[in-house]
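Asker: These protein sequence lines are chains A and B, in that order.
Per our numbering: the first sequence ends with 257, consecutive numbering throughout.
Per our numbering: the second sequence ends with 883, consecutive numbering throughout.
Structure incoming, see below.
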Amino acid sequence: MADPYLRVEGLVKRFGPFTALGGVDLEVFPGEVHCLLGDNGAGKSTLIKTLAGVHEPTDGKIYIEGKPVEFRSPRDASDAGIGTVYQDLAINQLLSVTRNFFMGRELKGPLGTLRMDEMNMIAHDEMLKIGIDFSDPTQAVGTMSGGQRQTLAIARAIYFGAKVLILDEPTSALGQKQQMGVLKTIKKVRARGDIAIIFITHNEIHSRLVGDRFTFLALGQTIGAGTNAEIGDEEMRRLMSGGAEMGDLEQELAAI
Amino acid sequence: MANTNEAGRLKQETAIEKIIRRPEIGSFVVMLVIIVALAIASEGKSFNALGLKNNVAIIAQYGIIATGAAVLMIAGEFDLSIGSMIGFAGMAMSMMLKWGLPFGMGEATPVTAFAVTLAMTLALGWLIGTVVVRSGLSSFIVTLAFLFLLRGVTEVSFRLINKSTQISGLPDYKEESWFANLLGGDVFGWFYDLWFMLGGNLNRRGEQWVEGFDARFLWWLVIAGIAYFVLSRTQIGNWIYATGDNKEAARANGVPVNRVKIGLFMFTAFCATMFAACQVFDTNTSDAAKGNLMELFAIAIAVVGGTLMTGGFGSVIGVVFGAITVGLVANAVFFIPAIDGAWFRVFLGGILLAAVFANERIRKRITGGI
Ligand SMILES: Nc1ncnc2c1ncn2[C@@H]1O[C@H](COP(=O)(O)OP(=O)(O)O)[C@@H](O)[C@H]1O
Ligand SMILES: [Mg+2]
């Protein structure tokens, strides 16, 4: 089996007295979709923000291709090939698709002027590659649907060299049809074979549909991990609900 | 493929729809109406040789500070200290010219007085910006504090050093200094020469009447031109829009949001300094009350020009139209003596309100009503 592109060992993140992550392990492989599952407040967003260089870990190690790394800023992380698509997508509604696509990494000509035509073309082509033929990249992002915005954010991360693509609940705010669109996009990226995807979701069905490997978080701890084949439906449901036995829950509910 | 069809849901716009969607369209129409109305009501006087010069003078004044205010507003911040900064810069420059440079550095020339003043105002702009981004407080309140602070410091300094809050009767530096002439002299003389050659621009004795526009016209064009270029064609422009639209998103993509904001507070300070410098070298006077209320005119013109109060959207061209509109109406009373000057404020309040509603509609149209 190939080596993991990204490996996380005993990652701890405290906010003052509060332990948001209490020693989490994670391995992600190129060409695989790694689903990160867990209840609200489990620490999923904190984990990926640490991977993305937004938070500095309190303790623990991050390895890229076996080498230990330290991220001091989001720029460090993105230079190391970690591309993050946040829940809020980090998108500016009033700006055009192209301006969003290249935000912070604009192509400049002499005199620092923007190479707008070239940027328009690249934005269009890159989005086409993963499934959207967006004919006019000069239009404001505000006119796009939620699914299209996801695609923009994903295409942007890949174009700028993401080897690990982190998707924080990309389907949670979307309607059924657009959710399927995003899952298709994920599959397309997976099919390239060179990109590792961390897919955060609440949705059991979605994770079954596209996931190769699962990690379950609860209260900042890893409470279970395994491949799609290893984890059965019962087990999945147990881990999704934070490790409590379904039976226990039924009893608790019955007691009310 | 479901996603391919998604693209079809975005309506293709016609050329006309694109023009109507531009942020400057409203201010352009209002400007046209005002120009025509004023020409008729003043029986052409507002656009004769002298009328044009005087109108352009006030328009350029407004335009200079409104450009600064608008670009800052696009980045999501306000600066209420612009007016006091004008007073401060004018005081600093004129006092140096009269009493010499600080710390016994000797006599001031127009160049050194301007340079030392600009260094101070840029430092103040930096300070204001730094306080805003570091504290996370609303720029409204921080710059309100500086509105009082700077005006107070201006008056106190005047009284301490000059014994009076006015300076008049400075030598006419324009005569000697090319630099003072560049700020306070005439520009575009060829325009009025040409007008004279074509048989117009005559005074009662039949000589050439007006020699040129005030130099601030040139400075306004330079400042607005640079602001337009930077906003629409450069990386920094993209960062300014991104900072004002969604700061966190911009930051997550590596845009140095704080540096952008601090730089723009320095830009508004620069605009205020240019406003003051043109005034000082034009009239050879200064006064502690100069620039009073100018911060509010600057913001009002920015909004009339289509700039969104919430940031992320606006255009320098719209602000040019806004400055022309507001400047013409402010001056209208001189050409139409029958009207009460206070109507200017009624008008400004009215179009400001209309502009806010129009801008909100444009924002909704662009973002698909979100
Ligand atoms: N910046 C922060 N400061 C303090 N506490 C935080 C911060 N970010 C997250 N937390 C806390 O950490 C816990 C995990 O949050 P989060 O990672 O957002 O969970 P998830 O994404 O799994 O729903 C929550 O209890 C949250 O309140
Ligand atoms: Mg979350």
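Ideal Cβ placement from N, Cα and C applies to all residues, glycine included.
1) Would you identify the three-state DSSP class for Arg-858 (chain B), choosing helix, strand or coil?
2) For Thr-139 (chain A), count neighbouring C-beta atoms within 10 Å of its own C-beta (all shown protein chains included) and say buried if the count is 16 or more, exposed if not.
3) Use the C-beta contact count for Val-859 (chain B): other C-beta atoms within 10 angstroms, 16 or more gives buried, fewer gives exposed.
4) Does any residue of chain A bring its CB to less than 8 Å from the CB of Met-514 (chain B)?
5) In chain order, which continuous runs of the alpha helix (DSSP H) of length 4 or greater are located wholly inside the segment 679-753 of chain B?
6) Is Ala-43 (chain A) close to ligand 4? I mean its beta-carbon at under 7 Å from any heavy atom of the ligand.
7) Would you give the residue range spanned by the alpha helix (DSSP H) that Phe-653 (chain B) belongs to?
8) What do you get for Trp-612 (chain B), buried or exposed, if any count of 16 or more other CB atoms within 10 angstroms of its CB means buried?
9) What are the start and end residues of each continuous alpha helix (DSSP H) run of 4 or more residues lying completely inside the segment 48-136 of chain A, in chain order?
10) For Val-768 (chain B), return the contacting residues in chain A, with the cut-off set at a CB-CB distance below 7 Å.
11) Roughly how many angstroms separate the alpha carbons of Ala-789 (chain B) and Arg-729 (chain B), rounded to a whole number?
12) So Ile-187 (chain A) contacts chain B; which residues on that side make the cut at Cβ distance below 8 Å?
13) My output table needs one value for Phe-591 (chain B): the three-state DSSP class, helix, strand or coil.
14) Any heavy atom of ligand 1 within a distance shorter than 7 Å of the CB on Thr-47 (chain A)?
15) Mind checking who Gly-539 (chain B) pairs with in its DSSP beta bridge?
16) Can you find a CB in chain A that lies within less than 8 Å of the CB of Asn-751 (chain B)?
17) Is Ala-21 (chain A) near ligand 1 - that is, is its Cβ less than 7 Å away from at least one heavy atom of it?
18) Output needed for Gly-67 (chain A): all residues of its chain with C-beta closer than 8 Å, excluding positions within five of it in sequence on either side, in chain order.
19) Just to confirm before moving on: does the CB-CB distance between Tyr-741 (chain B) and Val-816 (chain B) stay below 8 Å?
20) Kindly examine ligand 1 and report whether one of its heavy atoms sits closer than 7 Å to the Cβ of Phe-16 (chain A).
21) Helix, strand or coil: which one does DSSP assign to Gln-222 (chain A)?
22) Cβ-heavy atom distance between Gly-39 (chain A) and ligand 1 below 7 Å?
23) Give a yes or no on whether the minimum CB-CB distance between Asn-797 (chain B) and chain A is below 8 Å.
24) Determine whether the Cβ of Leu-175 (chain A) lies closer than 8 Å to any Cβ atom of chain B.
25) Using only the alpha-carbon positions, how far apart do Phe-16 (chain A) and Tyr-64 (chain A) sit?
26) According to DSSP, is Glu-10 (chain A) helix, strand or coil?
27) So Thr-781 (chain B) is in the beta strand (DSSP E); what residue range does that whole segment cover?
28) Measure the C-alpha to C-alpha separation of Leu-168 (chain A) and Asp-126 (chain A) and round it to an integer number of angstroms.
29) Secondary structure at Met-586 (chain B), three-state DSSP: helix, strand or coil?
30) Buried or exposed: which applies to Ile-674 (chain B), given that a residue is buried once 16 or more other Cβ atoms fall within 10 Å of its Cβ?
31) Could you tell me the alpha carbon to alpha carbon distance between Gly-702 (chain B) and Thr-99 (chain A), rounded to whole angstroms?
32) Of all the CB atoms in chain B, is at least one closer than 8 Å to the CB of Ala-21 (chain A)?
33) Whose CA, out of A:Ile-123, A:Val-13, A:Leu-166, A:Gly-227, lies closest to the CA of Thr-186 (chain A)?
34) Would you mind telling me which residues of chain B sit closer than 9 Å to Pro-75 (chain A), beta carbon to beta carbon, in chain order?
35) Please decide whether Ala-141 (chain A) counts as near chain B, where near means a Cβ-Cβ distance under 8 Å.
36) Does chain B have any CB closer than 8 Å to the CB of Leu-95 (chain A)?
Answerer: Looking at the coordinates:
1) helix
2) exposed
3) exposed
4) Confidence is the limiting factor: at Met-514 (chain B) the pLDDT is only 38, short of 50, which leaves the residue's position unreliable, though a coordinate-based value still follows. Output row for Met-514 (chain B): interface = yes.
5) 686-689, 691-697, 702-710, 728-746
6) With respect to ligand 4, the structure shown offers nothing to examine, as its ligands consist of ligand 1 and ligand 2.
7) 652-670
8) exposed
9) 75-80, 98-102, 117-130
10) Met-104, Gly-105
11) 10 Å
12) Ordered by position in chain B, no residue passes the 8 Å Cβ test against Ile-187 (chain A), which lies about 12 Å from the chain.
13) coil
14) yes
15) Answer is none; Gly-539 (chain B) lacks a bridge partner.
16) yes
17) yes
18) Asp-4, Arg-8
19) no
20) yes
21) strand
22) yes
23) no
24) no
25) 23 Å
26) strand
27) Taken as a continuous stretch (DSSP letters only), Thr-781 (chain B) belongs to no beta strand (DSSP E), being part of the alpha helix (DSSP H) at 770-796.
28) 21 Å
29) helix
30) exposed
31) 44 Å
32) no
33) A:Leu-166
34) Arg-764, Ala-765, Asn-766, Gly-767
35) yes
36) yes
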